[in-house]
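Number of protein chains: 4
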Amino acid sequence: MPNVIVVIGAGSIGQAIARRVSAGRQVLLADLRQENADAAAKVLSDAGFEVSTAIVDVASRASVHALVETATKIGTVTGVIHAAGLSPSQASPAAILKVDLYGTALVLEEFGNVIAPGGSGVVIASQSGHRLPALTPEQDKALATTPADELLGLPMLQPDQVTDPLHAYQVSKRGNSLRVMAEAVRWGKRGARVNTISPGIIFTPLAKDELTGPRGAGYRRMIELSPAGRGGTPDEVGVVGALLMGPDGGFITGSDFLMDGGVTAAYWYGELAPQ
Amino acid sequence: MPNVIVVIGAGSIGQAIARRVSAGRQVLLADLRQENADAAAKVLSDAGFEVSTAIVDVASRASVHALVETATKIGTVTGVIHAAGLSPSQASPAAILKVDLYGTALVLEEFGNVIAPGGSGVVIASQSGHRLPALTPEQDKALATTPADELLGLPMLQPDQVTDPLHAYQVSKRGNSLRVMAEAVRWGKRGARVNTISPGIIFTPLAKDELTGPRGAGYRRMIELSPAGRGGTPDEVGVVGALLMGPDGGFITGSDFLMDGGVTAAYWYGELAPQ
Amino acid sequence: MPNVIVVIGAGSIGQAIARRVSAGRQVLLADLRQENADAAAKVLSDAGFEVSTAIVDVASRASVHALVETATKIGTVTGVIHAAGLSPSQASPAAILKVDLYGTALVLEEFGNVIAPGGSGVVIASQSGHRLPALTPEQDKALATTPADELLGLPMLQPDQVTDPLHAYQVSKRGNSLRVMAEAVRWGKRGARVNTISPGIIFTPLAKDELTGPRGAGYRRMIELSPAGRGGTPDEVGVVGALLMGPDGGFITGSDFLMDGGVTAAYWYGELAPQ
Amino acid sequence: MPNVIVVIGAGSIGQAIARRVSAGRQVLLADLRQENADAAAKVLSDAGFEVSTAIVDVASRASVHALVETATKIGTVTGVIHAAGLSPSQASPAAILKVDLYGTALVLEEFGNVIAPGGSGVVIASQSGHRLPALTPEQDKALATTPADELLGLPMLQPDQVTDPLHAYQVSKRGNSLRVMAEAVRWGKRGARVNTISPGIIFTPLAKDELTGPRGAGYRRMIELSPAGRGGTPDEVGVVGALLMGPDGGFITGSDFLMDGGVTAAYWYGELAPQ
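Residue numbers (our numbering), protein chains in the order written: chain A, 464 to 738; chain B, 464 to 738; chain C, 464 to 738; chain D, 464 to 738.
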């Protein structure tokens, strides 16, 4: 029975982590769009991995559940890399909450039912989740523990409360980290672990497009004024992901690792503070 | 001019990180007590490192400054591992704030003045800092950016506000993480990085004594009900510390890495929740 | 002055190492063919790296020297990844010796003149070098230390001695490892290090073509009868390459790391022994 | 059923590897002398590991077999770190061959019968094995594959052939590497891997004594004239050992990793060449 690493989202961060943890295992690469899954599968296959693909809409329980069934038919699910989501420039607040917040809750719940003992998961959130001011303990708990199918009904997530895509994104990413924390308890009962990585500006092809696009000046300023003075690479996220998923991360679960070149630090206490 | 790694605090977590980043460099091991520094220096010397010792009282600017001078006389300071502090069972609230909060602010400020380009620092905080409910943005900012010598004068830190050692400890550790964030901005201007690690129950000799001491039942329950179901080892912290201080951590600064076996998760959302 | 990582050879093994050691640095990617360099540069650029390209014929001193000049104009050469070469199915014995043996000697000599203190290099050889029976100490020394421009004049390398491409390849790869050993002495005087990695069957796109090509049955048998029972991935070589080039490899120089899934072991002492 | 890491030899190299791979597992620490085992067990226990001890004489099959039985009673043997042996200054040629060569063959054979699928082993040999001139293919094969109990009867190992302790040591260490290669084939059939590390001068307490002892000048010259210009630390060996034993080493088996600061390079092709 082979070991399976499930990668949700065809982007380069998920791929970079998968490259580090999938040798000798089967990769199941799922994306909303078959052509994206195929393209990423081609890259990973060229990189020497055994890869199959699936379509998944993470905002649909039936679809996520079907992905779980596909994965468990291939083998034992020892790793889950959840890197799918909508960015604030791509969608409405409602769509962002549905995919980024609810979708992640579904993925954590459904794969938490089958993850192997000794297995591990990583959810890719965002530095944006670290920019939102603190929520109340009740709000934190609601995001962490409300049953997935009731999550979008929370008062704090209604259209009058979440009025712009960036806010929806920040709440979703904060919610990812909180949800991972609560799920870490449940995954722990199976002998598995799960953590969040909150990347900053990572030089994916998409990000590089943004840097030269209409909002490029803002991104470039963010990089220039950040403590590290540069963007990150997907492979740098891959190293942290591999640590979290592997034996060196055996004592780490329910945590959120911010890797953003210090942009969050500069946002709160440096030159990137909002005026 | 040799490279110097400054280790403040003679305990096994600081040693474990030092072991991973100090080959071919000089270790300067500083502790409040010469006998502690000597004992740790013996261990590291037996482990193949070049070690010298110093006495430091991190709660005294003059003492921290003298340590900086000792270090820069030896060579270029490329790494700082700050792992000294008082635990809540050891001291009064005022003493804890002075050593753990103010002392860390001093260390970050004084070594931030001399850290080499490409250098890095790690501050050992605690999972306790993740247990304190959220502070206000103003409180966060005050802990992060108030000039070190005015820090203990903050209203939120006065005896009527911080009435027990545990609270003092939690505030201090939260403050460490915030202070590291603000200092990451300043260290970044020198081309250096600094991060926090917040360990949970790590099986140091001291912790093992606690496990069999009067409060041992509580600690053992914490471990049993945690997602990981075990305590950590200093060497596991050493691996994360080495990642943060080395090239793989080049995009990570101003962050706080919680590694606690999921105890914090279980405190907020699991069986370790306060009744 | 930026730090430069020079990658010679556009294949996926060199790229995988480069991905692990080049964040925040400039990559100079050189290949015999501009279109290969461009394609690899596109991949690394999409992966977030700053990349420029150059053409190099490693079998020409003038060309290698020009590459050195290009590199030093960009910045300080802190890393060299030499992964260019001809495989035994691609060329004549003479061409293989010229590119794989003499070319590597040139690269080591020319970059050994400019490598930065603290810098490091990795040469990608092959498990084939571990399959050749032992040479005499005199032959070893000749391959290790004969001035590069006299190397191809050695009696042991003349056409009557090296009659088939596989033998030429094995001698060249053995020679790479010996040359690296001798150059490690010279690089050490600059405070730099250099090592060899001898990979076995790594699932590059080229190798995957071979597996389904006319000699595929032989390769598949080799994998099936090997102790690991699988091929490797470029990223697995990348991890070892990053260790050798980074601080964790600080005590390693002049060594040759065989990573072949045990094929060499099975060739000498197992089911892959020649009949 | 807990996972067990068996450490044979109480020295600091074995401990350093154990520290890196034993979190959450049981360590069984075996040495010829109970007091050595106890002292090392104390260190590892203070470092947070669960440790039990055993006495073993690796030169006795009954004793090694008893150790296997002790280990399998504790749990599943997922790791073996064999770091016991006699040094050339400690014993006669016959004793060295019996412990270092035959004893290692026994350990590999006996633990190869019980190692868990996915498990791995590391044998600590020495740079000395890389200093011996090449043996004939027949000699290599004899050292690799002669049944353990006939090994010391080989003509090449008789007193007239091996006349001094250093030669006995070099042959033994060469033999370790060859034996590991042959055993890698057998361990592979169980889904396990095994490799050799050949360290150079590692600053263990014993080595530090040597540096100040009667042969200290020779050791110090070796270090000064080596490419790295320094000795190594046990923890540097620990990092390589952890890589070899963990998932990043999944494609590595039957190999021998020389980590000696380039002393071997300088012996063959540099200033450490015998006059």
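Ideal Cβ placement from N, Cα and C applies to all residues, glycine included.
Same chain, Cβ closer than 6 Å to residue i, neighbours up to 5 away in sequence not counted
i, result
"valine 543 of chain D", "Val469, Phe574 and Gly584"
"threonine 541 of chain C", "Asn466, Ala579 and Gly582"
"leucine 530 of chain A", "Ala493, Ala517 and Val519"
"alanine 631 of chain D", "Pro556, Ile559, Leu560 and Val625"
"alanine 500 of chain D", "Ala473, Leu492, Asp494 and Thr516"
"leucine 706 of chain B", "Gly712"
"threonine 741 of chain A", "This structure does not reach residue 741 of chain A, given that chain A is present from 464 up to 738, and the question cannot be answered."
Paired residues, beta bridge with residue i - DSSP
i, result
"aspartate 719 of chain B", "B:Thr659"
"proline 494 of chain C", "The amino acid occupying residue 494 of chain C in the given sequence is aspartate; proline does not appear at that position. Looking at the DSSP assignment, aspartate 494 of chain C forms a beta bridge with C:Ile518."
"valine 467 of chain A", "A:Gln489 and A:Val540"
"isoleucine 665 of chain D", "D:Gly695"
"glutamate 646 of chain B", "None; glutamate 646 of chain B has no bridge partner."
"glutamate 513 of chain C", "C:Gln489"
Distance between beta carbons of residue j and residue i, contact taken as under 8 Å
i, j, result
"valine 703 of chain C", "isoleucine 660 of chain C", "6 Å"
"glycine 733 of chain D", "valine 484 of chain C", "That belief does not hold up - the Cβ atoms of glycine 733 of chain D and valine 484 of chain C are roughly 26 Å apart, past 8 Å."
"isoleucine 471 of chain A", "proline 662 of chain A", "The pair is not a contact, with the Cβ atoms about 16 Å apart (cut-off 8 Å)."
"alanine 568 of chain A", "leucine 617 of chain A", "In fact, because the Cβ distance is near 12 Å, the residues do not count as touching under 8 Å."
"glycine 487 of chain B", "glycine 713 of chain C", "5 Å"
"alanine 504 of chain C", "valine 519 of chain C", "With 8 Å as the limit, alanine 504 of chain C and valine 519 of chain C do not qualify as a contact, their Cβ atoms being about 14 Å apart."
"valine 726 of chain B", "glutamine 590 of chain B", "6 Å"
"lysine 636 of chain C", "alanine 588 of chain C", "4 Å"
"valine 643 of chain B", "leucine 571 of chain B", "7 Å"
"proline 628 of chain C", "proline 551 of chain C", "4 Å"
"glycine 474 of chain D", "alanine 546 of chain D", "6 Å"
"arginine 594 of chain D", "glutamine 633 of chain D", "6 Å"
"arginine 656 of chain D", "isoleucine 715 of chain D", "7 Å"
"phenylalanine 720 of chain A", "phenylalanine 720 of chain B", "6 Å"
"proline 710 of chain B", "glycine 717 of chain C", "With a Cβ gap of about 22 Å, proline 710 of chain B and glycine 717 of chain C do not count as contacting."
"alanine 510 of chain B", "proline 697 of chain D", "6 Å"
Contacting residues, own chain, Cβ-Cβ under 7 Å from residue i (five flanking each side not counted)
i, result
"alanine 430 of chain B", "The requested residue 430 of chain B is not part of the displayed model; chain B covers only 464 to 738."
"glycine 701 of chain B", "Ala479, Ile480, Arg482 and Arg483"
"leucine 549 of chain A", "Ala558, Ile559, Val562 and Asp563"
"threonine 539 of chain B", "Met464, Asn466, Val467 and Ala579"
"glutamate 673 of chain A", "Gly679 and Tyr682"
"tyrosine 730 of chain A", "Arg594 and Ala736"
"alanine 645 of chain D", "Ala607 and Thr608"
"serine 526 of chain D", "Val519 and Asp520"
Sequence-distant residues of its chain with Cβ nearer than 8 Å to residue i (five each side left out)
i, result
"methionine 722 of chain D", "Ile660, Ser661, Pro662, Gly663, Gly695, Glu699, Val700 and Val703"
"asparagine 639 of chain C", "Asp563, Leu564, Thr567, Val586, Ala588, Gly592 and Thr659"
"proline 668 of chain D", "Ser475"
"glycine 724 of chain A", "Gly663, Ile664, Ile686, Ser689, Pro690, Ala691, Gly692, Arg693, Gly694 and Gly695"
"proline 622 of chain D", "Pro556 and Ala557"
"serine 508 of chain B", "Val514"
"asparagine 576 of chain C", "Val531"
Counting pairs of beta carbons, one from the region 671-688 of chain C and one from the region 602-613 of chain C, are three or more of them closer than 8 Å?
no
Threshold first: 3 residues or longer. Then list the beta strand (DSSP E) segments lying entirely within the region 531-593 of chain D, N to C.
539-545 and 583-587
Give, in chain order, every unbroken run of the alpha helix (DSSP H) that is at least 4 residues long and sits entirely within the region 598-656 of chain B.
Taken in chain order, the unbroken stretches of alpha helix (DSSP H) that lie wholly in the region 598-656 of chain B and span 4 residues or more are 600-608, 611-614 and 628-652.
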